[in-house]
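Participant:
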DNA sequence: ACCATCTGGATTGTTGACAATATAGCCGAC
DNA sequence: GTCGGCTATATTGTCAACAATCCAGATGGT
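Chains as they are written, first to last, in the numbering used here: chain B, 46 to 293; chain D, 46 to 293.
1) Would you mind giving the Cβ-Cβ distance between residue 106 of chain B and residue 146 of chain B, rounded to the nearest angstrom? I have them listed as a contact below 8 Å.
2) State the Cα-Cα distance for the pair residue 114 of chain D and residue 124 of chain D, rounded to the nearest angstrom.
3) Here's the rule I'm using: 16 or more other beta-carbon atoms within 10 Å means buried, otherwise exposed. How should residue 103 of chain B be labelled?
4) Please report how far the alpha carbon of residue 294 of chain D lies from the alpha carbon of residue 167 of chain D, in whole angstroms.
5) Name, in chain order, the residues that DSSP records as bridge partners for residue 146 of chain D.
6) Quick one: does residue 223 of chain D have its CB under 9 Å from some CB of chain B?
7) Does the separation of the CB atoms of residue 136 of chain D and residue 94 of chain D fall below 9 Å?
8) Report the neighbours of residue 122 of chain B on chain D: residues whose CB is nearer than 8 Å to its CB, in chain order.
9) Nearest chain D C-beta to residue 130 of chain B closer than 9 Å, yes or no?
10) So, is residue 73 of chain D buried or exposed, given that buried needs 16 or more other C-beta atoms within 10 angstroms?
11) Which residues in chain B sit within 9 Å of residue 141 of chain D, going by Cβ to Cβ distance?
12) DSSP on residue 269 of chain D, reduced to helix/strand/coil?
13) Within the 9 Å Cβ cut-off, does residue 173 of chain D reach chain B?
14) Cutting at 8 Å between CB atoms, please list the residues of its own chain near residue 246 of chain D, excluding the five before and the five after it.
15) Would you say residue 270 of chain D reaches chain B, if we count a Cβ-Cβ gap shorter than 9 Å as a contact?
16) So which of D/284, D/177, D/280, D/273 has the shortest CA-CA distance to residue 171 of chain D?
17) Check the Cβ-Cβ distances between residue 99 of chain B and every residue of chain D, and say whether any is below 9 Å.
18) List the residues of chain B that residue 158 of chain D touches, going by C-beta distances under 7 Å, in chain order.
19) Is the CB-CB distance between residue 217 of chain B and residue 173 of chain B below 9 Å?
20) Taking residue 131 of chain B as part of the alpha helix (DSSP H), name the residues at either end of that continuous run.
21) Check whether the Cβ atoms of residue 278 of chain D and residue 164 of chain D lie closer than 9 Å to each other.
22) Quick one: does residue 228 of chain B have its CB under 9 Å from some CB of chain D?
23) Once the 5 residues before and after residue 248 of chain D are set aside, which same chain residues still bring their CB inside 8 Å of it?
24) Within 9 Å of any Cβ in chain D, is that where the Cβ of residue 134 of chain B sits?
25) For chain D, check one thing: does any of its Cβ atoms lie closer than 9 Å to the Cβ of residue 184 of chain B?
26) For the putative contact between residue 177 of chain D and residue 219 of chain D, defined by C-beta atoms under 8 Å, what is the C-beta separation to the nearest angstrom?
27) Residue 205 of chain B lies in the alpha helix (DSSP H); which residues open and close that run?
28) Tell me the DSSP secondary structure of residue 118 of chain D in three-state form.
29) For residue 198 of chain D, which of helix, strand or coil comes out of DSSP?
30) Quick check: the Cα distance between residue 284 of chain D and residue 266 of chain D, rounded to an integer number of angstroms?
31) Is the Cβ-Cβ distance between residue 192 of chain D and residue 251 of chain D less than 9 Å?
32) Tell me which same chain residues have a C-beta within less than 6 Å of the C-beta of residue 132 of chain B, skipping the five on either side of it?
33) Cutting at 6 Å between CB atoms, please list the residues of its own chain near residue 149 of chain D, excluding the five before and the five after it.
34) Grab me the residues of residue 110 of chain D's own chain with a C-beta within less than 6 Å of its C-beta, minus the 5 sequence neighbours each way, in chain order.
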């Protein structure tokens with residue numbers, strides 16, 4: 046029974062335990078901390094990634110440790126850890142004693158990342174085909190159907206692109222392979238230059254992408270691993286082709 | 046002229062500048078620092094990797110920050126950065142407020158890593174086929190020839206395995222795709238359980254591996270990308286099959 | 001004996017300070 | 001003007017100390 050008023054209280058700090066998780070103690074960690082109990086380093090890394098997606102940071106930009114520390118309200122320690130995390134993902138580049146910069150990829154390097162992500166996604170699709178369940182298939186079909194609806198709509202290309210990402214996420218979940226899924230995402234984001242591919246500007250490109258996704262869904266339903274892998278790569282290539290059309 | 050006795054010397058520390066790179070100042074960084082001017086964090090990460098390969102650290106082992114700091118003669122700061130690097134490679138696992146442990150992979154997770162590495166190596170082989178140069182081909186053939194010589198020899202299986210690694214490294218170099226090459230290595234080492242695969246115990250397994258490598262070399266020579274990718278995966282599968290024979 | 005509770009030590013998370021290095025700007029020699 | 005060296009500042013690398021948290025063993029009640 047927790048009604049006990051706690052008679053023998055030696056350390057005062059324990060008192061705040063019962064009052065639910067007082068957050069004002071540590072000074073507002075992170076900027077918009079979406080996570081629950083993450084450590085500063087991870088929060089900082091996630092926030093840098095967000096600013097990267099929002100085009101606040103651009104490839105080649107210098108990242109000053111103290112600046113990031115001030116911006117996110119932490120000290121340089123966690124910032125340095127965050128930079129190491131991002132370096133391992135090839136998102137930033139660290140030169141000893143020279144500091145960190147947002148990775149600026151050559152076209153060749155970007156191509157490598159995209160190709161790598163494509164074959165990994167192909168592998169995920171193959172695995173998804175081997176264990177396709179009704180639930181996942183249903184979700185994928187619905188997402189693909191929305192893709193079709195968006196072909197003729199007058200929306201910004203980014204919305205269409207985001208929908209393809211959602212389709213991809215479903216396939217990754219269906220693969221039941223979290224490690225491979227993580228790799229696909231990490232490698233893809235390792236190419237910051239090709240971030241918000243504003244491709245899919247013409248209805249032709251969209252129709253092509255929809256056709257590929259629909260075929261992939263069909264391959265998964267018939268549990269055809271070879272076809273699934275091939276089409277998994279194809280949807281990737283479609284997206285890149287569309288992206289290259291707008292930013293060559 | 047540096048003969049000037051420096052009349053207006055505001056900060057004294059600049060004095061040690063002229064005497065060439067006194068190394069005794071900072072207390073012997075690293076344990077056996079093979080690198081030249083690396084920062085502590087990278088040295089620590091590399092040393093942990095080495096100890097991992099030498100089976101000093103085993104999957105599931107707890108990594109105490111202070112222990113590592115003492116062992117390598119640095120403070121906890123660089124150690125924490127090193128752990129972040131290793132975590133990003135999935136070599137160690139960090140739980141907030143609970144510390145770091147050497148990743149212990151389930152069979153499923155290990156399989157995922159190996160499969161991912163295999164398809165990435167297949168991609169590298171395809172790229173190598175597209176740009177195969179005489180020099181690389183020659184080197185590869187020589188390495189593969191040594192592989193054949195090692196089939197019947199009474200050597201420890203590890204030596205044969207290492208030789209296949211050397212062959213793989215040549216292919217990765219031939220691919221001219223450093224990013225993909227790095228991914229192959231990182232993903233492969235992300236599965237510490239399958240480290241020193243002591244496979245290739247029987248001459249049958251070795252003969253099989255040699256045949257695959259020889260076929261891969263031939264595919265590269267004839268610039269057949271499809272075959273190269275297929276065989277690139279096969280040599281990977283051979284290695285894993287051999288490893289599974291010894292430690293199921 | 002069993003259970004919850006309470007310690008005290010061990011370990012992680014974070015910070016501020018200091019040292020080492022690089023960089024941009026200044027100055028004088030030519 | 002241009003070049004090379006010097007200096008002041010900015011920035012990174014490192015460390016030791018403090019705070020927060022977790023964990024194993026002790027403690028006490030039933």
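C-beta atoms are modelled at their ideal positions from N, C-alpha and C, and glycine is treated no differently.
Facilitator: Inspection of the coordinates gives the following:
1) Numbered from 1 along the first chain, position 61 holds the residue referred to as residue 106 of chain B. Numbered from 1 along the first chain, position 101 holds the residue referred to as residue 146 of chain B. Sure, about 6 Å apart at Cβ, within 8 Å.
2) Working through the second chain from its first residue, we reach residue 114 of chain D at position 69. Working through the second chain from its first residue, we reach residue 124 of chain D at position 79. For residue 114 of chain D and residue 124 of chain D, the distance between alpha carbons rounds to 6 Å.
3) Locating residue 103 of chain B in the first chain gives position 58, where the first residue counts as 1. Residue 103 of chain B is exposed by the Cβ-count criterion.
4) With chain D running from 46 to 293 in the structure shown, residue 294 of chain D is simply not present.
5) One-based indexing of the second chain puts residue 146 of chain D at position 101. Note: residue 146 of chain D sits in a beta bridge opposite D/107, D/138.
6) Start at 1 with the first residue of the second chain, and residue 223 of chain D comes out as number 178. So, interface residue.
7) Position 91 of the second chain, counted from the start, is the residue given in the question as residue 136 of chain D. Position 49 of the second chain, counted from the start, is the residue given in the question as residue 94 of chain D. Against a cut-off of 9 Å, the Cβ pair of residue 94 of chain D and residue 136 of chain D comes out as a contact.
8) Locating residue 122 of chain B in the first chain gives position 77, where the first residue counts as 1. Under the 8 Å cutoff, chain D gives 122, 125.
9) Within the first chain, residue 130 of chain B is the residue found at index 85, counting from 1. Taking Cβ atoms only, chain D reaches closer than 9 Å to residue 130 of chain B, which makes this a yes.
10) By 1-based counting over the second chain, the position of residue 73 of chain D is 28. Only weak support is given to the placement of residue 73 of chain D: the predicted model assigns it a pLDDT of 35, under 50, and the question is left unresolved by the model.
11) Taking the second chain and counting its residues from 1, one reaches residue 141 of chain D at position 96. Those within 9 Å of residue 141 of chain D in chain B are 82, 83, 84, 87.
12) Along the second chain, one-based indexing puts residue 269 of chain D at 224. Coil, per DSSP.
13) Numbered from 1 along the second chain, position 128 holds the residue referred to as residue 173 of chain D. No, because no Cβ of chain B sits closer than 9 Å to the Cβ of residue 173 of chain D.
14) Residue mapping note: residue 246 of chain D aligns to position 201 of the second chain, counting from 1. Excluding sequence neighbours, residue 246 of chain D sits near 202, 287, 290, 291.
15) Position 225 of the second chain, counting from 1, holds the residue named residue 270 of chain D. Chain B contact via Cβ: absent.
16) Locating residue 171 of chain D in the second chain gives position 126, where the first residue counts as 1. For the residues D/284, D/177, D/280, D/273, the minimum Cα distance to residue 171 of chain D belongs to D/273.
17) Mapped onto the first chain, residue 99 of chain B falls at position 54. Output row for residue 99 of chain B: interface = no.
18) Within the second chain, residue 158 of chain D is the residue found at index 113, counting from 1. In chain order: 224.
19) Residue numbering aside, residue 217 of chain B sits at position 172 when the first chain is read from its first letter. Residue numbering aside, residue 173 of chain B sits at position 128 when the first chain is read from its first letter. Yes; because the gap between Cβ atoms is below 9 Å, this pair is in contact.
20) Numbered from its first residue, the first chain carries residue 131 of chain B at position 86. Taken as a continuous stretch (DSSP letters only), the alpha helix (DSSP H) holding residue 131 of chain B covers 121-133.
21) Taking the second chain and counting its residues from 1, the one referred to as residue 278 of chain D is at position 233. Taking the second chain and counting its residues from 1, the one referred to as residue 164 of chain D is at position 119. Yes, the pair counts as a contact, with Cβ atoms nearer than the cut-off.
22) Locating residue 228 of chain B in the first chain gives position 183, counting from the first residue. At least one chain D Cβ lies under 9 Å of residue 228 of chain B.
23) Residue numbering aside, residue 248 of chain D sits at position 203 when the second chain is read from its first letter. Closer than 8 Å at the Cβ level, and outside the excluded window around residue 248 of chain D, lie 196, 197.
24) As a working note, residue 134 of chain B is residue 89 in the first chain. It does: the Cβ of residue 134 of chain B has a partner Cβ on chain D nearer than 9 Å.
25) In the first chain, residue 184 of chain B corresponds to position 139, counting from 1. For residue 184 of chain B, the answer is no, since every Cβ of chain D falls outside 9 Å of its Cβ.
26) Start at 1 with the first residue of the second chain, and residue 177 of chain D comes out as number 132. Start at 1 with the first residue of the second chain, and residue 219 of chain D comes out as number 174. About 6 Å separates the two Cβ atoms, so the contact holds.
27) Here residue 205 of chain B is taken as the residue at index 160 of the first chain, counted from 1. 202-220 is the span of the alpha helix (DSSP H), which, as asked, contains residue 205 of chain B.
28) As a position in the second chain, residue 118 of chain D is number 73, starting the count at 1. Residue state, collapsed to three classes: coil.
29) In the second chain, the residue the question calls residue 198 of chain D occupies position 153. Coil at residue 198 of chain D, not helix or strand.
30) Against the second chain, residue 284 of chain D aligns to sequence position 239. Against the second chain, residue 266 of chain D aligns to sequence position 221. Roughly 23 Å between the two C-alpha positions.
31) As a working note, residue 192 of chain D is residue 147 in the second chain. As a working note, residue 251 of chain D is residue 206 in the second chain. Yes; because the gap between Cβ atoms is below 9 Å, this pair is in contact.
32) The residue you call residue 132 of chain B lines up with position 87 of the first chain. So the qualifying residues of the chain are 139.
33) On the second chain, residue 149 of chain D is found 104 positions in, with the first residue counted as 1. For residue 149 of chain D, where only same-chain residues beyond five positions count, the Cβ hits under 6 Å are 104, 105.
34) By 1-based counting over the second chain, the position of residue 110 of chain D is 65. For residue 110 of chain D, where only same-chain residues beyond five positions count, the Cβ hits under 6 Å are 121, 124.
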